[in-house]
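Residue numbers for the sequence shown follow the working numbering, so the first one is 1044 and each next one is one higher.
Idealized CB from N, CA, C, for every residue including glycine.
To start, the structure under review is shown below, and the notes come after it.
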Amino acid sequence: ETDDWSPEEDGNYTFEFRLFSTSTNEWDTFNFTTYLECFEDCGSVEEEWFENIWYNVNDEDEDGWNDTFAIEFNPDTTCDCTINVTSVLSIFDSSNNTQVDKISYTDDIYSDEYDYFFMDWTPEYNGTFDFYLDLYDEENHHEDSEQFFDIELHVLSEEGHDENEWFEDENFESSENWFQANYLPMTDCDCWVKIWVYIDVYYDGDKVDTISEEMYIHRDDEDWYSQDWYASETGYYDFYVVMFNDEGNGP
């Protein structure tokens, strides 16, 4: 039996052959490597690259926190012709290297003429992100790339809407010198909001300690949180629990 195959570009290719027996479950294999050339009308011998790249981090809603990653770039080609290229911007969460989004832009470029491409992105939650910009030609060959790491961004505020955060429910436990505050923080924002919860501890009218925790909450989440405190001496204590969001808004 004969099979034919032709490459899309010139290069060294390795062919691996495997033989399986359905009756004995035995198998055999061999491989070889050879240099092959594509036909005259296949593959791209031209090169494309990013001649210029500029990026900015902007505060579009003017709330004091950067919320938008904007990138501009000028791709060029060695071909004295029009070539269709695709630029892909992949976004990863810096804290766990998880991809959170990907956007792309496709357009034509001609030789080394100046072509202005633009993409921007804003997150659905506050965090630090890595950006990978990749360039592909019209045959999906990877041509060039650039990376930008540890870009801190915050959620873009919704126009005409100021999100609110509050304690939906709360309770406490205590035993001997131990106190635990339990609370259910909520927000009406369809986004991740960073909050800080402070507990001021008073003894006989004087503040003797402050403890705090930070966390991200979402409108669709209903997670309880708790904070513990231990007294150094016996007595009656007052505890004041307050919440602030990432814009500094609180009681």
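Here DSSP, grouped into helix, strand and coil, assigns P1228 to strand.
Measuring C-alpha to C-alpha distances from T1072 to each of F1058, L1079, E1080 and Y1078 identifies F1058 as the nearest. Spatial neighbours of D1136 in its own chain (CB-CB distance under 7 angstroms, excluding positions within 5 residues in sequence) are listed in chain order as V1143, G1170 and F1172. The C-alpha of L1079 lies about 13 angstroms from the C-alpha of D1047. Cβ neighbours of S1154 within its own chain (closer than 6 angstroms, five residues either side excluded): D1123. Excluding five sequence positions before and after F1192, the CB atoms of its chain that fall closer than 6 angstroms to its own CB belong to D1173, given in chain order. Nearest in C-alpha terms to N1109, of all of E1115, Y1148, E1089 and V1100, is V1100. A Cβ-Cβ separation of about 43 angstroms leaves E1181 out of contact with V1236 under the 8 angstroms criterion.
Beta-bridge partners of P1166 (DSSP): none assigned. As the crow flies, the alpha-carbon of W1092 is around 13 angstroms from that of F1160. In chain order, I1238 and Y1268 place their CB closer than 7 angstroms to the CB of M1258, counting only its own chain and leaving out the 5 sequence neighbours on each side. For the 8 angstroms CB-CB criterion, D1158 and N1117 form a contact.
E1186 counts as buried, since no fewer than 16 other beta carbons sit within 10 angstroms of its beta carbon. For N1140, the secondary structure class from DSSP, reduced to helix, strand or coil, is coil. In chain order, N1225 place their CB closer than 7 angstroms to the CB of N1214, counting only its own chain and leaving out the 5 sequence neighbours on each side.
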